[in-house]
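*Asks:* Sharing a structure here in structure tokens format.
There are 2 protein chains.
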Amino acid sequence: MMNSSSEIAGLETSAVTAAADFRQFAVEARKLVDAALDRVLPAESIPPERVHAAIRWSVFAGGKRFRPILLLAVGETFGAEREPLSDTACALEMIHTYSLIHDDLPSMDDDDLRRGRATCHVRFGEANAILAGDALQTLAFKLIAEDESLSADKRVLLIAEIARASGTPQGMVAGQGCDLEAESREVSAGELEQIHRLKTGALIIAAARCGAIIADASEAELAAITEYGAQLGLLFQITDDLLDVTATAEALGKTPGKDQRAKKATYPALYGVEATRKHLAHAHQSACAALENIARPTELLHAIADFILQRQA
Amino acid sequence: MMNSSSEIAGLETSAVTAAADFRQFAVEARKLVDAALDRVLPAESIPPERVHAAIRWSVFAGGKRFRPILLLAVGETFGAEREPLSDTACALEMIHTYSLIHDDLPSMDDDDLRRGRATCHVRFGEANAILAGDALQTLAFKLIAEDESLSADKRVLLIAEIARASGTPQGMVAGQGCDLEAESREVSAGELEQIHRLKTGALIIAAARCGAIIADASEAELAAITEYGAQLGLLFQITDDLLDVTATAEALGKTPGKDQRAKKATYPALYGVEATRKHLAHAHQSACAALENIARPTELLHAIADFILQRQA
Chain A
1 MMNSSSEIAG
11 LETSAVTAAA
21 DFRQFAVEAR
31 KLVDAALDRV
41 LPAESIPPER
51 VHAAIRWSVF
61 AGGKRFRPIL
71 LLAVGETFGA
81 EREPLSDTAC
91 ALEMIHTYSL
101 IHDDLPSMDD
111 DDLRRGRATC
121 HVRFGEANAI
131 LAGDALQTLA
141 FKLIAEDESL
151 SADKRVLLIA
161 EIARASGTPQ
171 GMVAGQGCDL
181 EAESREVSAG
191 ELEQIHRLKT
201 GALIIAAARC
211 GAIIADASEA
221 ELAAITEYGA
231 QLGLLFQITD
241 DLLDVTATAE
251 ALGKTPGKDQ
261 RAKKATYPAL
271 YGVEATRKHL
281 AHAHQSACAA
291 LENIARPTEL
301 LHAIADFILQ
311 RQA
Chain B
314 MMNSSSEIAG
324 LETSAVTAAA
334 DFRQFAVEAR
344 KLVDAALDRV
354 LPAESIPPER
364 VHAAIRWSVF
374 AGGKRFRPIL
384 LLAVGETFGA
394 EREPLSDTAC
404 ALEMIHTYSL
414 IHDDLPSMDD
424 DDLRRGRATC
434 HVRFGEANAI
444 LAGDALQTLA
454 FKLIAEDESL
464 SADKRVLLIA
474 EIARASGTPQ
484 GMVAGQGCDL
494 EAESREVSAG
504 ELEQIHRLKT
514 GALIIAAARC
524 GAIIADASEA
534 ELAAITEYGA
544 QLGLLFQITD
554 DLLDVTATAE
564 ALGKTPGKDQ
574 RAKKATYPAL
584 YGVEATRKHL
594 AHAHQSACAA
604 LENIARPTEL
614 LHAIADFILQ
624 RQA
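One line per chain: the protein sequences are A and B, in this order. For the first sequence, this note's numbering gives the first residue as 1, with consecutive numbering after it. For the second sequence, this note's numbering gives the first residue as 314, with consecutive numbering after it.
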């Protein structure tokens, strides 16, 4: 998640400072999340060894930890300590990683390369990859259910929130299902946005909302954070689509141009690259506008929106 | 789950009455669970249609609903109403069905036939089958998290219980992982029992325990129910293994002899059929002995143990 300073040239001085603060925050948050994940995931020495090795291979594959960082940033914006945020942050990363493992399978997107190395099924075989994804989902909900730093009332709210956002018909699995169904036919702009909203947006919104819920944000604040998360999700997906067209495999850590070849519904495929950049700018503005409704210091949340706008991988 | 009366010949008169009561109970419980599942599962008319059709295809494939029935029977034994038991019973069936869908996949057990009809991936393709399983797991935890007939404290206990029993290293996914790893080599009796305990036993124990937890059973009662559930799980797995050797495809609704051909670790493969029947009788006795420690009317729970002992499919 670190950028070279040249990549943030062109932002105003205050934004440059905020970006530097965010980079510092992201480095710390990633360390915290990685240490917590290492603590809660089963050891490779315990049977079934290959399933546990497959889990760790994918969880510690150099992911950006975007969702946990977002949750921590929102939580801290609303005054929460890190302790009650940490397990839910890990749970989100586990859900995200399970979805990557299953999406990469031969019968799904059939990807061999992810974050610069072999995908889970290439390294450990399909059966272990399926089980690793299944187990990560289970572990995510278990982690929150057993989190004694949160009241039981909050734990069930968080589990319901993440389950809605990652399941069907309102979440990630629904998005992947609609995406697969759309591969064989023309897709309208409205359908494309709905697929993205489900596939990527829902879990990003959930990350932002979970941070706010843990921090006891007000209903109005939660509404603003939901809109911020929705625009951030859009921003994230559009940059993802653009990078698939413009980036190199080395920068991306996966095979670029794949969406295009698979005739996937993407923004550049539908609007062309230039109009897609305009959609990008609009989503960024809308994310920042949503933050205007929050009477807290939101520099960190602004910096996250800036960071996604500028990301190269 | 209905037996002809000839199949329960040989049991004492009181056991015959209890068996009749149990059949009546099982019919009602199955109706209740099926209606609740139909209510909470996404409609096939909502996108992604094929994922939702795949979910319903597998959930309504004529399953025996053994885990929900067990949960309801234990819950009612300890005095709970049906209302607070119903959603957790459905959640268990959703977890069980997700595991069947994923276990049947070509890279796992590669089964074409289940409960007398095409398995999920044969009917809807692998991608939809993987997503259907994923979504069923998510829906199970969501259902409990949102169950307003239970306190939040109870909901987190139940979610943690089911997550432990269905995940790794202490649950169903661990069992399936160990089973796959064991396919290529000789397996000891101890390993075989451990695989079964994880793969089948853990979720059956969880079903029994969840019923007791919802009904506010005492610690001592919960301990007795845990032992009862463990013996029931063993009984269930041994009869499953035996049926794979002795039953016809028609009675079984799936391809028999498959375990044998796949050199799977099974009781008959390890001990032979006759010694396996002795293990069966011992597990049945142990399940009944565990019930002696419960000062409630346990006829229904006895009848469940009898029923599994006698089952033909």
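We put the CB at the ideal spot given by N, CA and C, even for glycine. Just so it is clear, the structure is predicted and the values come from calculations on it, not from any experiment.
List the residues of chain B whose Cβ lies closer than 7 Å to the Cβ of A/Val156, in chain order.
*Replies:* Within 7 Å Cβ-Cβ: Ala458, Ala465, Arg468, Val469.
*Asks:* Is A/Leu242 helix, strand or coil when you go by DSSP?
*Replies:* DSSP places A/Leu242 in helix when its eight states are reduced to three.
*Asks:* Specify the secondary structure class of A/Ala118 as computed by DSSP and reduced to three states.
*Replies:* DSSP places A/Ala118 in strand when its eight states are reduced to three.
*Asks:* Would you report the Cα separation of B/Gln550 and A/Ala127, rounded to the nearest angstrom?
*Replies:* Roughly 22 Å between the two C-alpha positions.
*Asks:* Identify whether A/Leu105 lies in helix, strand or coil by the three-state DSSP scheme.
*Replies:* Coil, per DSSP.
*Asks:* 8 Å is my cut-off, CB to CB: does A/Ala127 come that close to chain B?
*Replies:* Answer yes: the Cβ-Cβ gap between A/Ala127 and chain B drops below 8 Å somewhere.
*Asks:* Looking only at C-alpha atoms, which of B/Leu345, B/Ala528, B/Thr451 sits nearest to B/Ile475?
*Replies:* Minimum Cα distance to B/Ile475 is reached at B/Thr451.
*Asks:* In the structure shown, what three-state DSSP assignment does B/Glu463 receive?
*Replies:* Position check: residue 463 of chain B holds Leu in this sequence, whereas Glu was assumed. It is coil, neither helix nor strand.
*Asks:* On the criterion of 16 or more Cβ atoms from any shown chain inside 10 Å, does A/Gln176 qualify as buried, or is it exposed?
*Replies:* When all chains shown are included, A/Gln176 counts as buried.
*Asks:* If distances are taken between C-alpha atoms only, which option among A/Arg82, A/Ile55, A/Phe78, A/Val51 comes closest to A/Pro68?
*Replies:* The shortest Cα separation from A/Pro68 among A/Arg82, A/Ile55, A/Phe78, A/Val51 belongs to A/Arg82.
*Asks:* By how many angstroms is the C-alpha of A/Leu280 removed from the C-alpha of A/Ala19?
*Replies:* Taking the straight line from one Cα to the other gives about 19 Å.
*Asks:* So which residues of chain B does A/His102 contact, with C-beta pairs closer than 7 Å?
*Replies:* Ile443, Asp447, listed in chain order.
*Asks:* When we look at the beta-carbon of A/Ala206 and count the other beta-carbons within 10 Å, is it buried (16 or more) or exposed?
*Replies:* So A/Ala206 ends up on the buried side.
*Asks:* What residue from B/Asn606, B/Leu614, B/Gln625, B/Glu494 has the CA that sits closest to B/Leu383's CA?
*Replies:* It is B/Leu614 whose Cα lies nearest to the Cα of B/Leu383.
*Asks:* Going by other Cβ atoms of all chains shown within 10 Å of its Cβ, with 16 needed for buried, is A/Ile316 buried or exposed?
*Replies:* Absent from the structure is residue 316 of chain A, since the part of chain A shown begins at 1 and ends at 313.
*Asks:* In whole angstroms, what separates the C-alpha of A/Thr298 from that of A/Glu186?
*Replies:* If you take the alpha carbons of A/Thr298 and A/Glu186, they lie about 40 Å apart.
*Asks:* I'd like to know if B/Arg477 contacts chain A, where contact means its C-beta is closer than 8 Å to some C-beta of that chain.
*Replies:* Yes, its Cβ sits closer than 8 Å to a Cβ of chain A.
*Asks:* Got a sec: is the Cβ-Cβ distance from A/His96 to anything in chain B below 8 Å?
*Replies:* Output row for A/His96: interface = no.
*Asks:* List, in chain order, every chain A residue whose beta-carbon is nearer than 7 Å to that of B/Gln489.
*Replies:* Those are Leu131, listed as they occur along chain A.
*Asks:* So which residues of chain B does A/Gln137 contact, with C-beta pairs closer than 9 Å?
*Replies:* Near A/Gln137 (Cβ distances below 9 Å), the residues of chain B are Asp447, Gln450, Thr451, Phe454, Gly480.
*Asks:* B/Leu622 by DSSP, collapsed to three states: which one?
*Replies:* Residue state, collapsed to three classes: helix.
*Asks:* Rounding to the nearest angstrom, what Cα-Cα distance links A/Ala9 and A/Leu243 in this structure?
*Replies:* Because the pLDDT of A/Ala9 is 47, which lies under 50, any placement of that residue in the model is unreliable, and the question is left without a value.
*Asks:* Quick check: the Cα distance between A/Gly229 and A/Gly201, rounded to an integer number of angstroms?
*Replies:* Cα to Cα, A/Gly229 sits roughly 8 Å from A/Gly201.
*Asks:* So who's on the other strand from B/Leu426, going by DSSP bridges?
*Replies:* B/Ala431, per the DSSP bridge assignment.
*Asks:* Leaving out five residues on either side along the sequence, give the residues of the same chain with a beta carbon under 8 Å from the beta carbon of B/Arg468.
*Replies:* Same-chain partners within the cutoff: Ile457, Ala458, Asp460.
*Asks:* With a threshold of 8 Å between beta carbons, is B/Val486 in contact with chain A?
*Replies:* Yes, B/Val486 lies at the interface with chain A (some Cβ there is under 8 Å from its Cβ).
*Asks:* In its own chain, which residues sit with a C-beta less than 6 Å from the C-beta of A/Ala140, not counting the 5 before and 5 after it?
*Replies:* Ala91, Met94, Ile95.
*Asks:* Could you name the residues of chain A that B/Leu418 contacts, counting a contact when the two beta carbons are closer than 9 Å?
*Replies:* What B/Leu418 touches in chain A: Ser107, Glu126, Ala127, Ile130.
*Asks:* What's the call for A/Thr266, buried or exposed, on a 16-neighbour Cβ count within 10 Å?
*Replies:* Its Cβ being crowded by 16 or more others within 10 Å, A/Thr266 is buried.
*Asks:* For a test of the three-state rule: what should DSSP assign to A/Ala140, helix, strand or coil?
*Replies:* A/Ala140 falls in the helix class under three-state DSSP.
*Asks:* Listed in chain order, which residues of the segment 349–363 of chain B have Cβ atoms closer than 8 Å to some Cβ of chain A?
*Replies:* Those residues of the segment 349–363 of chain B that come within reach of chain A (Cβ to Cβ, closer than 8 Å) are Pro355, Ile359, Pro360, Pro361, Glu362, Arg363.
*Asks:* Please confirm if the segment 362–374 of chain B is in contact with the segment 420–434 of chain B, defined as three or more CB-CB distances below 8 Å between the two stretches.
*Replies:* As far as the Cβ criterion goes, the segment 362–374 of chain B touches the segment 420–434 of chain B, which means the pair count is three or higher.
*Asks:* With a threshold of 8 Å between beta-carbons, can A/Leu160 be considered close to chain B, or not?
*Replies:* According to the sequence as given, residue 160 of chain A is Ala; it is not Leu. Taking Cβ atoms only, chain B reaches closer than 8 Å to A/Ala160, which makes this a yes.
*Asks:* Quick one: which residues of the segment 194–224 of chain A get their C-beta closer than 8 Å to a C-beta of chain B? List them in chain order.
*Replies:* Taking 8 Å as the Cβ-Cβ cut-off against chain B, none of the residues of the segment 194–224 of chain A qualify.
*Asks:* Mind checking A/Arg164: buried by the 16 CB within 10 Å criterion, or exposed?
*Replies:* That one is buried.
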